[in-house]
Structures are given as C-alpha cells and as structure tokens.
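Trainee:
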Amino acid sequence: MDEPALPSGISEGSIDHIFDIMSKYAYPFILVGILVYRWMDCVAAADEGFDLVIRNEQLRAIATELIATGHWGSLYRQILCPE
Numbered sequence: 312m313d314e315p316a317l318p319s320g321i322s323e324g325s326i327d328h329i330f331d332i333m334s335k336y337a338y339p340f341i342l343v344g345i346l347v348y349r350w351m352d353c354v355a356a357a358d359e360g361f362d363l364v365i366r367n368e369q370l371r372a373i374a375t376e377l378i379a380t381g382h383w384g385s386l387y388r389q390i391l392c393p394e
C-alpha cells in the first residue's frame, strides 16, 4: 500500500534540520506533548507550529542558522531585526 501524501509544504522529517543545529551549539532539544506522538509516527493532531525555548545568549546564532535552512524566518526578522 502506498504511503499517504504529506500536506502541501510539509516534508518527511521536516524538523530533522533542528537537531543538527542544536547539536552544533551543544543545546538540548526535547519534544513534549503531541509532538512526541507525531515524531513516533503515531496518529495525533498537531498544528504546523511549535515552540522552541532558547537561552538569550544563544538566540541570535541559533535563529540565524534556523533561518538559513529556509524553514524558519518571519518572527525572527520582525521581532529581533526590525528594519
């Protein structure tokens, strides 16, 4: 049986890039709540977003790398780098 198509704009393993970036900064990444079920490929409702808690002294560097992946961006630019 074929796998069901993923929703538009979502790719398999779409948060995998986060682990590489967090590892580079020796920063822990812990999934909680409904996201844990989704990560284990269990059926669970989850919206398209989730929160990342990042220490202030590492925020700019980590956010810059997340933006460079092309999966993140608008809030960082609006709040931390206003024009």
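Going left to right, the sequence shown walks through residues 312 to 394 as this note's numbering numbers them.
We put the beta carbon where it would ideally sit given N, CA and C, even for glycine.
Return the residue from the list Ile378, Met351, Gly344, Glu368 that minimises the CA-CA distance to Tyr336.
Mentor: Comparing Cα-Cα distances from Tyr336 to each of Ile378, Met351, Gly344, Glu368, the minimum goes to Glu368.
Trainee: Measure the C-alpha to C-alpha separation of Ile332 and Glu376 and round it to an integer number of angstroms.
Mentor: Approximately 7 angstroms between the Cα atoms of the pair.
Trainee: Since Met351 is in the alpha helix (DSSP H), which residue starts that stretch and which ends it?
Mentor: Neither: Met351 is in no alpha helix (DSSP H) and is coded neither H nor E.
Trainee: What are the boundary residues of the alpha helix (DSSP H) that includes His328?
Mentor: Residues 327 to 335.
Trainee: Can you tell me which of Gly381, Ala379, Ile326 puts its alpha carbon nearest to the alpha carbon of Met351?
Mentor: Met351 has its Cα closest to that of Ile326, out of Gly381, Ala379, Ile326.
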